[in-house]
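Here the sequence shown stands for residues 2 to 367, numbered as in this note's numbering.
Virtual Cβ for every residue (Gly too), placed ideally from N, Cα, C.
Notes to accompany the following structure.
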Amino acid sequence: MSQLTIANAIVKHERVRVDDVVKTSFGEMQERYAVLLILEDESGRRGVGESWVNFPLWAAWERVACFKYGFIPYLRGRRVDSISELVMEMYQDFVGPARQSATTGPLVQALCAVELALWDLQAQQQGVPLAYCLFDQPASAVRVYASGINSPIPWDLIDDHLNQGITLFKLKLGFGDDEDRRNLEELRSYLDGRASIAVDVNCGWSLREAQSWLPMLEAYNVKWIEEPLKASDEIHLAELKTMTSTPIAGGENLPIIPNSDVESILNEPFDILQPDLTKNAPLHIARQLLRPGKPSMKRIIPHFLGSAPGQAASLHFAAGCPDNLVEMDINHNPLRSDLFTDPIQVVDGEIAIPSQPGLGWQLRYE
Numbered sequence: 002m003s004q005l006t007i008a009n010a011i012v013k014h015e016r017v018r019v020d021d022v023v024k025t026s027f028g029e030m031q032e033r034y035a036v037l038l039i040l041e042d043e044s045g046r047r048g049v050g051e052s053w054v055n056f057p058l059w060a061a062w063e064r065v066a067c068f069k070y071g072f073i074p075y076l077r078g079r080r081v082d083s084i085s086e087l088v089m090e091m092y093q094d095f096v097g098p099a100r101q102s103a104t105t106g107p108l109v110q111a112l113c114a115v116e117l118a119l120w121d122l123q124a125q126q127q128g129v130p131l132a133y134c135l136f137d138q139p140a141s142a143v144r145v146y147a148s149g150i151n152s153p154i155p156w157d158l159i160d161d162h163l164n165q166g167i168t169l170f171k172l173k174l175g176f177g178d179d180e181d182r183r184n185l186e187e188l189r190s191y192l193d194g195r196a197s198i199a200v201d202v203n204c205g206w207s208l209r210e211a212q213s214w215l216p217m218l219e220a221y222n223v224k225w226i227e228e229p230l231k232a233s234d235e236i237h238l239a240e241l242k243t244m245t246s247t248p249i250a251g252g253e254n255l256p257i258i259p260n261s262d263v264e265s266i267l268n269e270p271f272d273i274l275q276p277d278l279t280k281n282a283p284l285h286i287a288r289q290l291l292r293p294g295k296p297s298m299k300r301i302i303p304h305f306l307g308s309a310p311g312q313a314a315s316l317h318f319a320a321g322c323p324d325n326l327v328e329m330d331i332n333h334n335p336l337r338s339d340l341f342t343d344p345i346q347v348v349d350g351e352i353a354i355p356s357q358p359g360l361g362w363q364l365r366y367e
């Protein structure tokens with residue numbers, strides 16, 4: 002990369018109440034949050050990075066404190082010759098204190114925002130869209146699949162997304178067998194061949210429960226089963242994988258750190274790896290998972306559930322993944338639709354890579 006100096010850094014914290022409550026097997030989101038790190042270089046360019054703060058309820062305030070009292074004083078005036086080296090250096094400098102409070106996960110989530118902001122700046126400096134900074138031949142548009150579908154199923158939003166050309170919907174399970182089976186049957190019947198279904202269990206099943214579901218999921222041609230097993234049963238994931246032809250997906254909660262051993266990540270027992278650029282997968286590691294110049298070991302489909310800057314960064318990364326598929330929450334979220342001066346638009350089931358440098362969308366700063 003060309004050298005840059007971080008002239009200034011600020012943190013932006015947004016919070017909105019929403020009507021569409023996002024439910025999972027472990028909790029609900031009645032409000033949506035966004036914590037963004039904005040880095041400015043000496044030429045006045047601004048790079049934006051998002052950090053995942055969906056859970057727990059206090060995560061956003063914890064992240065703001067991390068940036069305000071830790072990262073921003075550290076970054077101001079810092080010369081950057083290599084993004085990955087800076088992020089690794091920051092990890093080493095901050096991991097000791099983080100271990101004392103068992104908060105290495107939130108530390109990585111904060112570092113993800115640093116890395117995304119720096120990549121945004123680098124792409125702007127080079128005058129190219131982020132996807133072209135990351136990959137030699139990225140796709141010009143990325144297909145979208147709709148997620149965040151929980152009970153009661155929002156049929157109006159399903160219709161809206163069908164009309165936008167979406168052909169894959171991911172249904173949340175893990176709310177009890179009766180409710181889950183009813184929702185899956187109703188969604189399959191409603192889609193009636195117009196679109197496919199994947200399911201996300203949010204680590205909600207025991208191995209025995211997962212086994213009992215396999216015949217139905219296979220019969221319904223479910224495209225993947227995401228995070229099927231509870232933490233206590235995750236040691237049986239490889240065993241579960243041998244029991245079904247339906248792909249097993251996961252990876253958003255893998256403990257990935259800067260300079261991780263990429264081969265060990267690729268050896269995790271998932272058919273589909275789902276790194277989250279704002280949560281657990283610093284971008285330099287996510288790129289390495291694609292094994293440029295080597296045969297692909299896994300399907301890589303980025304995970305995302307957040308606001309506009311993280312959605313945009315995930316889009317640019319997905320443009321270099323063979324599946325060419327990006328996740329978008331089906332629910333109304335003003336922090337995704339209103340944080341940019343122009344909203345991210347889905348047309349014919351795809352989002353086009355913007356031609357402007359960097360993320361390609363401008364953040365509202367008022």
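Terminal residues of the continuous alpha helix (DSSP H) containing PHE318?
-> Within the sequence shown, numbered from 1, the residue matching residue 318 stands at position 317. That run of the alpha helix (DSSP H) goes 309-319.
Would you mind working out which of ARG80, VAL347, VAL88 and VAL36 sits nearest ALA371, comparing C-alpha positions?
-> Limits of the chain in this structure are 2 at one end and 367 at the other, which puts residue 371 out of reach.
Can you tell which of LEU172, CYS322 and GLU219 has its C-alpha closest to the C-alpha of ARG288?
-> Translated into positions along the sequence shown, residue 288 becomes position 287. When each option's Cα is compared against that of ARG288, the closest is CYS322.
Contact the segment 62-80 vs the segment 301-308: 3+ CB pairs below 8 Å | Short answer: they don't touch.
Mind checking whether ALA250 and TRP214 have CB atoms under 8 Å apart?
-> On the sequence shown, position 249 is the one that residue 250 refers to. On the sequence shown, position 213 is the one that residue 214 refers to. Against a cut-off of 8 Å, the Cβ pair of TRP214 and ALA250 comes out as no contact.
What number of angstroms, rounded off, separates the C-alpha of ALA196 from the C-alpha of ASP349?
-> Counted from its first residue, the sequence shown places residue 196 at position 195. Counted from its first residue, the sequence shown places residue 349 at position 348. Cα to Cα, ALA196 sits roughly 13 Å from ASP349.
Through-space distance from PRO216 to TRP62, alpha-carbon basis | Looking up residue 62 in the sequence shown gives position 61. Looking up residue 216 in the sequence shown gives position 215. Cα-Cα distance, rounded: 43 Å.
Endpoints, beta strand (DSSP E) assigned at SER197 | The residue given as residue 197 occupies position 196 in the sequence shown. In the DSSP assignment, SER197 falls within the beta strand (DSSP E) that extends over 197-201.
Determine, using beta carbons only, whether VAL143 and LEU316 come nearer to each other than 8 Å.
-> As a first step, residue 143 is located in the sequence shown; it is residue number 142 there, counting from the start. As a first step, residue 316 is located in the sequence shown; it is residue number 315 there, counting from the start. Contact check for VAL143 against LEU316 passes: the beta carbons are separated by less than 8 Å.
Compare the C-alpha of ALA10 against each of MET30, LEU38, ASP20 and VAL145 and name the closest.
-> Along the sequence shown, read from residue 1 onward, the residue named residue 10 stands at position 9. Among MET30, LEU38, ASP20 and VAL145, the Cα nearest to that of ALA10 belongs to LEU38.
Counted within 10 angstroms of its Cβ, other Cβ atoms place GLU253 as buried (16 or more) or exposed | Translated into positions along the sequence shown, residue 253 becomes position 252. Flag for GLU253 reads buried.
Count the CB pairs spanning the segment 259-277 and the segment 79-90 that are closer than 8 Å, and state whether there are at least three.
-> Proximity of the segment 259-277 to the segment 79-90 meets the contact definition, three or more beta-carbon pairs being nearer than 8 Å.
SER338, DSSP secondary structure in three states = As a position in the sequence shown, residue 338 is number 337, starting the count at 1. The three-state secondary structure of SER338, taken from DSSP, is helix.
Where PHE56 falls, given that 16 or more other Cβ within 10 Å makes a residue buried = Translated into the one-based positions of the sequence shown, residue 56 becomes position 55. It is exposed - the Cβ of PHE56 has fewer than 16 other Cβ atoms within 10 Å.
Locate the beta strand (DSSP E) running through VAL223, then write down its first and last residues.
-> Taking the sequence shown and counting its residues from 1, one reaches residue 223 at position 222. For VAL223, there is no enclosing beta strand (DSSP E), as DSSP gives it neither H nor E.
For the alpha helix (DSSP H) that contains ASP181, what are its first and last residues?
-> On the sequence shown, residue 181 is found 180 positions in, with the first residue counted as 1. That run of the alpha helix (DSSP H) goes 178-192.
Can you tell me the Cα-Cα spacing of GLN127 and GLY359, whole angstroms?
-> Against the sequence shown, residue 127 aligns to sequence position 126. Against the sequence shown, residue 359 aligns to sequence position 358. Near 9 Å, if we compare the C-alpha coordinates of GLY359 and GLN127.
Assigned secondary structure, ALA142 (DSSP; H/G/I helix, E/B strand, else coil) | The residue labelled residue 142 in the question sits at position 141 within the sequence shown. Per DSSP, reduced to three states, the secondary structure at ALA142 is strand.
Cut-off 6 Å between Cβ atoms - residues of its own chain near GLN165, not counting five sequence neighbours on either side | Translated into positions along the sequence shown, residue 165 becomes position 164. These residues qualify, in order along the chain: VAL347.
Between the C-alpha atoms of TYR70 and ILE273, what's the straight-line distance to the nearest angstrom?
-> Your numbering for residue 70 matches position 69 in the sequence shown. Your numbering for residue 273 matches position 272 in the sequence shown. Using only the alpha carbons, I get a separation of about 37 Å.
Count the other C-beta atoms from every protein chain shown that fall within 10 angstroms of the C-beta of LYS280, then say buried if there are 16 or more, exposed otherwise.
-> The count along the sequence shown starts at 1 and reaches residue 280 at position 279. Burial call: buried.
Would you mind working out which of SER356, ASP324, VAL327 and LEU306 sits nearest PRO335, comparing C-alpha positions?
-> Within the sequence shown, residue 335 is the residue found at index 334, counting from 1. From the listed residues SER356, ASP324, VAL327 and LEU306, the smallest Cα separation to PRO335 is found for LEU306.
What does DSSP give as the partner residues of VAL12 in its beta bridges?
-> In the sequence shown, counting from the first residue as 1, residue 12 sits at position 11. In the DSSP output, where bridge partners are listed per residue, VAL12 has LEU38.
Could you say which of SER52, LEU208 and GLN31 lies nearest to LEU230 if we only look at CA atoms?
-> Position 229 of the sequence shown holds residue 230. Nearest option by C-alpha distance: LEU208.
What span of residues does the beta strand (DSSP E) with GLY50 cover, start to end?
-> Within the sequence shown, the letter at position 49 stands for residue 50. It spans 47-52 - the beta strand (DSSP E) in which GLY50 sits, taken as one unbroken run.
If you run the structure through DSSP and keep just helix, strand and coil, what is LYS231?
-> Position 230 of the sequence shown, counting from 1, holds the residue named residue 231. Residue state, collapsed to three classes: coil.
Counted within 10 angstroms of its Cβ, other Cβ atoms place LEU58 as buried (16 or more) or exposed | Counted from its first residue, the sequence shown places residue 58 at position 57. By the 10 Å Cβ count, LEU58 comes out exposed.
Measure the beta-carbon distance from ASP330 to GLY149 and round it to whole angstroms, keeping in mind my assumption that it falls under 8 Å.
-> On the sequence shown, position 329 is the one that residue 330 refers to. On the sequence shown, position 148 is the one that residue 149 refers to. Yes, ASP330 and GLY149 are in contact; Cβ-Cβ is about 4 Å, under 8 Å.
Report all residues from its chain with a CB closer than 8 Å to the CB of GLN357; omit the five preceding and five following residues, and keep chain order.
-> Mapped onto the sequence shown, residue 357 falls at position 356. Spatial neighbours of GLN357 in its own chain (CB-CB distance under 8 Å, excluding positions within 5 residues in sequence) are listed in chain order as PRO130.
Inspect the beta-carbon positions of TYR146 and LYS171 and report whether they are closer than 8 Å.
-> Translated into positions along the sequence shown, residue 146 becomes position 145. Translated into positions along the sequence shown, residue 171 becomes position 170. Less than 8 Å divides the Cβ of TYR146 from the Cβ of LYS171.
In whole angstroms, what is the alpha-carbon distance linking GLN93 and ILE154?
-> Mapped onto the sequence shown, residue 93 falls at position 92. Mapped onto the sequence shown, residue 154 falls at position 153. In a straight line, the C-alpha of GLN93 is about 45 Å away from that of ILE154.
Do you know whose CA, among ASP201, LEU364, PHE318 and TYR133, lies nearest SER338's CA?
-> Reading the sequence shown from its first residue, position 337 is the one you call residue 338. The alpha carbon of SER338 has as its nearest neighbour, out of ASP201, LEU364, PHE318 and TYR133, the alpha carbon of LEU364.
In chain order, what residues of the same chain have a beta carbon less than 7 Å from the beta carbon of LEU135, not counting five sequence neighbours either side?
-> Locating residue 135 in the sequence shown gives position 134, where the first residue counts as 1. Annotation for LEU135: ARG288, HIS317, PHE318 and GLY321 place their beta carbon closer than 7 Å to its own, counting only its chain and skipping 5 residues before and after.
CA-CA distance, PRO283 and GLU41?
-> Working through the sequence shown from its first residue, we reach residue 283 at position 282. Working through the sequence shown from its first residue, we reach residue 41 at position 40. Computed Cα separation, rounded: 20 Å.
Assign GLU328 to one of two classes, buried (16 or more other C-beta atoms within 10 Å of its C-beta) or exposed (fewer than that).
-> Taking the first residue of the sequence shown as position 1, residue 328 is located at position 327. The residue is buried, with at least 16 neighbouring Cβ atoms inside 10 Å.
Closest by C-alpha distance to VAL17, when choosing among THR25, ILE7, GLN31 and SER26 = Here residue 17 refers to the residue found at position 16 of the sequence shown. Distance from the Cα of VAL17 is smallest, within the candidate group THR25, ILE7, GLN31 and SER26, for GLN31.
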